[in-house]
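Our numbering puts the first residue of the sequence shown at 1, with every later residue one more than the last. We put the CB at the ideal spot given by N, CA and C, even for glycine. Since we're looking at a predicted model, the values are computed, not measured. The next block holds one structure in the form of structure tokens; read it before the comments.
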Amino acid sequence: MKKEYKEMEEKLRREKAEIEEELAKLKTTLDFGDETDHEEEESDESEEIGNYLGIKKSQDARLNQINHALEKIADGSYGVCEKCGKSIEQKILDIDPESLLCKACKQKGRN
Ligand SMILES: [Zn+2]
Numbered sequence: 001m002k003k004e005y006k007e008m009e010e011k012l013r014r015e016k017a018e019i020e021e022e023l024a025k026l027k028t029t030l031d032f033g034d035e036t037d038h039e040e041e042e043s044d045e046s047e048e049i050g051n052y053l054g055i056k057k058s059q060d061a062r063l064n065q066i067n068h069a070l071e072k073i074a075d076g077s078y079g080v081c082e083k084c085g086k087s088i089e090q091k092i093l094d095i096d097p098e099s100l101l102c103k104a105c106k107q108k109g110r111n
């Protein structure tokens, strides 16, 4: 394993822990919400649940990507673009450690 990926791995693990913590916090907020039985709060609650599910969905997607990146670090294929097979620019990995695509493929994917 290359030395710089050790750093990436730590970054990814930290990010993963932060996301998990955020999701746990959100869930706790909602659990408290369930205890209030006032009718006028019902609409707020369903809105909160909607928000939570929205956040959870995007955070779950990020977690999956982070886990995938961690697996790649473990099997030695990290830092290689999944589309074109070229190595991903270090700059990209610094900004976005869970990135699976190089700069060019990323830009293509956005269009
Ligand atoms: Zn590429």
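Less than 8 Å between C-beta atoms, sequence neighbours within five positions excluded: which residues of the same chain meet that for Lys56?
So the qualifying residues of the chain are Leu23 and Leu26.
How long is the line joining the alpha carbons of Lys103 and Gly79, rounded to whole angstroms?
Spanning the two alpha carbons is a distance of roughly 12 Å.
Output the distance between the C-alpha atoms of Met1 and Leu12, rounded to the nearest integer angstrom.
Low confidence applies to Met1: its pLDDT is 45, below 50, so where it sits in the model is not reliable, and the reading given next is rough at best. Their Cα atoms are separated by approximately 16 Å.
Beta carbon nearer than 6 Å to a non-hydrogen atom of ligand 1
Chain-ordered list of matching residues: Cys81, Lys83, Cys84, Lys86, Leu101, Cys102, Ala104 and Cys105.
Whole angstroms is fine: what's the gap from Glu45's alpha carbon to Leu30's?
A direct Cα-Cα distance of roughly 8 Å separates Glu45 from Leu30.
Using beta-carbon positions only, say whether Ile66 and Glu98 come within less than 7 Å of one another.
Yes, the pair counts as a contact, with Cβ atoms nearer than the cut-off.
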